[in-house]
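**Student:** Sharing a structure here in structure tokens format.
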Amino acid sequence: LVTRALRGELTIPNWQKFTEAIGRIFTYGKKFDQGQVATYIPQLARIDPKKWAVSICTIDGQTESWGDFRDPFCMQSVSKPFTYAIAIEQLGADYVHSFVGQEPSGRLFNEICLNNVFKPHNPMINAGAIVVASLLYQKEVLSTRFEYSLREFDRFAGGGRISFNNAVFLSERETADRNYALAYYMREHKCYPEKTNIREALDLYFQLCSVSTTTNSLAVMAATLANGGICPLTKDRVVCTIAVRDTLSLMLSCGMYDYSGQHAFKVGLPAKSGVSGAMIIVIPNLMGIALYSPPLDMLGNPVRGVKFAEKLVEEFKFHQY
Ligand code: DON
129 LVTRALRGEL
139 TIPNWQKFTE
149 AIGRIFTYGK
159 KFDQGQVATY
169 IPQLARIDPK
179 KWAVSICTID
189 GQTESWGDFR
199 DPFCMQSVSK
209 PFTYAIAIEQ
219 LGADYVHSFV
229 GQEPSGRLFN
239 EICLNNVFKP
249 HNPMINAGAI
259 VVASLLYQKE
269 VLSTRFEYSL
279 REFDRFAGGG
289 RISFNNAVFL
299 SERETADRNY
309 ALAYYMREHK
319 CYPEKTNIRE
329 ALDLYFQLCS
339 VSTTTNSLAV
349 MAATLANGGI
359 CPLTKDRVVC
369 TIAVRDTLSL
379 MLSCGMYDYS
389 GQHAFKVGLP
399 AKSGVSGAMI
409 IVIPNLMGIA
419 LYSPPLDMLG
429 NPVRGVKFAE
439 KLVEEFKFHQ
449 Y
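Using full-length UniProt numbering, the first residue of the sequence shown is number 129, and each one after it goes up by one.
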């Protein structure tokens with residue numbers, strides 16, 4: 129990093145000017161205090177709604193953070209793109225997509241619905257993510273499947289702060305009637321590999337939703353996607369370029385719940401949100417951004433995260449088109 133900086137080769141040469149501008153967008157985001165914290169998982173209902181954090185990490189590994197960036201939170205659905213990327217890396221796109229589609233569902237993230245060939249619409253909604261969880265490390269026992277998945281998350285984060293929130297996991301599993309219904313409905317339609325243990329697939333899915341991190345580390349994970357699958361901090365190739373391409377394509381079309389079309393139109397950048405208030409934005413070949421603000425809008429996206437993304441592309445020409 130230092131050598132490249134001295135040679136004037138960094139992706140963002142005037143770092144101070146750039147970070148000041150991002151800092152102003154962070155402050156702008158603070159103004160928005162609408163929205164409701166998710167309450168359907170009791171542990172999430174108790175979260176402090178005032179938390180607001182933004183971190184960025186460039187593909188050169190330059191990082192900066194604002195606000196409550198040291199506070200841990202659960203990734204929830206922000207884990208879905210990473211789980212999917214790991215599945216593509218290990219199993220190949222043909223195999224993974226023999227179980228899950230690539231189409232926005234146009235429905236809520238937890239709806240009990242399948243596409244016209246009885247597969248989940250895409251891996252960014254619950255149905256698709258539960259099926260992807262059933263594909264990972266099939267030969268291993270559940271504990272090892274989780275251990276190996278977490279190890280990959282850790283590689284994405286360059287050895288950052290990745291841990292597990294057992295309270296959220298237990299709380300989510302206790303209140304997951306909808307996901308159980310969805311998982312069994314999918315078994316009726318033969319959506320899983322043969323011999324899949326549905327409860328174990330769900331447990332792995334809940335565990336991955338309960339992975340805990342900070343915006344600091346999540347920005348590095350997003351930057352690994354921005355950097356074609358190589359972690360900018362460790363130079364470790366975590367996933368192949370095809371896995372990144374497929375993941376970012378689906379984040380662009382399906383990453384923001386039933387707001388994905390509008391987000392793609394207005395912001396034009398792959399993003400993923402989660403019910404904890406976590407969100408990532410990937411600017412390919414430039415940087416990863418992680419945001420955290422628990423209050424959600426009517427569609428389930430973090431209010432401040434959405435406003436931040438819109439302001440970002442107003443200030444900088446980051447919209448891909
Ligand atoms: O499956 C659930 O109910 C949640 N834990 C999913 C988390 C989430 O953020 C939903 N997003 N697509």
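A virtual CB, placed ideally from N, CA and C, is assigned to each residue, including glycine.
Check whether the Cβ of Q204 sits closer than 8 Å to any heavy atom of ligand 1, and report yes or no.
**Tutor:** Taking the sequence shown and counting its residues from 1, the one referred to as residue 204 is at position 76. Yes, the Cβ of Q204 comes within 8 Å of a heavy atom of ligand 1.
**Student:** Would you say the beta carbon of N355 comes nearer than 8 Å to a heavy atom of ligand 2?
**Tutor:** Here the bound small molecules are ligand 1; ligand 2 is not part of this structure.
**Student:** Closer than 8 Å: is that where the CB of Y308 sits relative to any heavy atom of ligand 1?
**Tutor:** Locating residue 308 in the sequence shown gives position 180, where the first residue counts as 1. Checking the Cβ of Y308 against ligand 1 gives no.
**Student:** Would you kindly work out how many angstroms separate the C-alpha atoms of P412 and T352, rounded to a whole number?
**Tutor:** Here the question's residue 412 lines up with position 284 in the sequence shown. Here the question's residue 352 lines up with position 224 in the sequence shown. For P412 and T352, the distance between alpha carbons rounds to 10 Å.
**Student:** Could you say which of G402, S381, A371, F197 lies nearest to A213 if we only look at CA atoms?
**Tutor:** Here the question's residue 213 lines up with position 85 in the sequence shown. Considering only alpha carbons, the answer is A371.
**Student:** What does the alpha-carbon distance come out to for the pair S262 and K394?
**Tutor:** For this step, residue 262 is matched to residue 134 along the sequence shown. For this step, residue 394 is matched to residue 266 along the sequence shown. Roughly 34 Å between the two C-alpha positions.
**Student:** I'd like to know whether the C-beta atoms of N344 and S205 end up nearer to each other than 9 Å.
**Tutor:** What you label residue 344 is simply residue 216 of the sequence shown in a count that begins at 1. What you label residue 205 is simply residue 77 of the sequence shown in a count that begins at 1. Cβ atoms of N344 and S205: not closer than 9 Å.
**Student:** Following the continuous beta strand (DSSP E) through E192, name the residue where it begins and the one where it ends.
**Tutor:** Along the sequence shown, one-based indexing puts residue 192 at 64. Where E192 is concerned, the enclosing beta strand (DSSP E) stretches over 191–195.
**Student:** Need the endpoints of the alpha helix (DSSP H) that L330 sits in, please.
**Tutor:** By 1-based counting over the sequence shown, the position of residue 330 is 202. 326–337 is the extent of the alpha helix (DSSP H) around L330.
**Student:** Within 10 angstroms of the Cβ of E300, are there 16 or more other Cβ atoms? Answer buried if so, exposed if not.
**Tutor:** In the sequence shown, the residue the question calls residue 300 occupies position 172. Buried, since its Cβ has 16 or more Cβ neighbours within 10 Å.
**Student:** Y385 to D425, Cα distance in whole Å?
**Tutor:** Counting from one through the sequence shown, the residue named residue 385 turns up at place 257. Counting from one through the sequence shown, the residue named residue 425 turns up at place 297. So the alpha carbons of these two residues sit roughly 11 Å apart.
**Student:** Identify every residue that forms a DSSP beta bridge with A181.
**Tutor:** Numbered from its first residue, the sequence shown carries residue 181 at position 53. DSSP output for A181 lists G195, Y420 as bridge partner(s).
**Student:** P248 by DSSP, collapsed to three states: which one?
**Tutor:** Numbered from 1 along the sequence shown, position 120 holds the residue referred to as residue 248. Coil.
**Student:** How is R235 classed by DSSP in three states: helix, strand or coil?
**Tutor:** Position 107 of the sequence shown holds residue 235. Three-state DSSP puts R235 in coil, outside helix and strand.
**Student:** Nearest-angstrom Cα distance between A418 and E322?
**Tutor:** Here residue 418 refers to the residue found at position 290 when the sequence shown is read from its first residue. Here residue 322 refers to the residue found at position 194 when the sequence shown is read from its first residue. For A418 and E322, the distance between alpha carbons rounds to 37 Å.
**Student:** Work out the CA separation of G151 and Q144 for me, nearest whole Å.
**Tutor:** Counting from 1 along the sequence shown, the entry for residue 144 is found at position 16. Counting from 1 along the sequence shown, the entry for residue 151 is found at position 23. Rounded to the nearest angstrom, the two C-alpha atoms are 10 Å apart.
**Student:** Would you kindly report the start and end of the unbroken alpha helix (DSSP H) that includes A295?
**Tutor:** For the purposes of this step, residue 295 is identified with residue 167 of the sequence shown, where counting begins at 1. Unbroken alpha helix (DSSP H) run through A295: 294–302.
**Student:** Using a threshold of 8 Å, is the CB atom of I175 nearer than that to any non-hydrogen atom of ligand 1?
**Tutor:** Looking up residue 175 in the sequence shown gives position 47. No, the Cβ of I175 stays beyond 8 Å of every heavy atom of ligand 1.
**Student:** According to DSSP, is M349 helix, strand or coil?
**Tutor:** Indexing the sequence shown from 1 puts residue 349 at position 221. If DSSP states are grouped into helix, strand and coil, M349 belongs with the helices.
**Student:** If the criterion is Cβ atoms closer than 9 Å, does the pair M407 and P209 meet it?
**Tutor:** As a first step, residue 407 is located in the sequence shown; it is residue number 279 there, counting from the start. As a first step, residue 209 is located in the sequence shown; it is residue number 81 there, counting from the start. No. Outside cutoff.
**Student:** Measure the alpha-carbon distance for F146 versus F154 and round it to whole angstroms.
**Tutor:** In the sequence shown, residue 146 corresponds to position 18, counting from 1. In the sequence shown, residue 154 corresponds to position 26, counting from 1. If I take the Cα positions, the gap works out to 13 Å.
**Student:** List the endpoints of the continuous alpha helix (DSSP H) containing I408.
**Tutor:** Counted from its first residue, the sequence shown places residue 408 at position 280. Premise fails: I408 lies in the beta strand (DSSP E), 406–411, not in any alpha helix (DSSP H).
**Student:** Report the CB separation of S404 from F201 in whole angstroms; it is logged as a contact under 8 Å.
**Tutor:** The residue given as residue 404 occupies position 276 in the sequence shown. The residue given as residue 201 occupies position 73 in the sequence shown. At roughly 5 Å, the Cβ-Cβ gap stays under 8 Å, so S404 and F201 are in contact.
**Student:** Can you check DSSP and say which residues form a bridge with S340?
**Tutor:** Mapped onto the sequence shown, residue 340 falls at position 212. In DSSP, S340 forms a bridge with C202, S291.
**Student:** Using alpha carbons as the reference points, say which of V130, R306, S277 lies closest to F292.
**Tutor:** For the purposes of this step, residue 292 is taken as residue 164 along the sequence shown, with counting starting at 1. Of V130, R306, S277, the residue nearest in Cα terms is S277.
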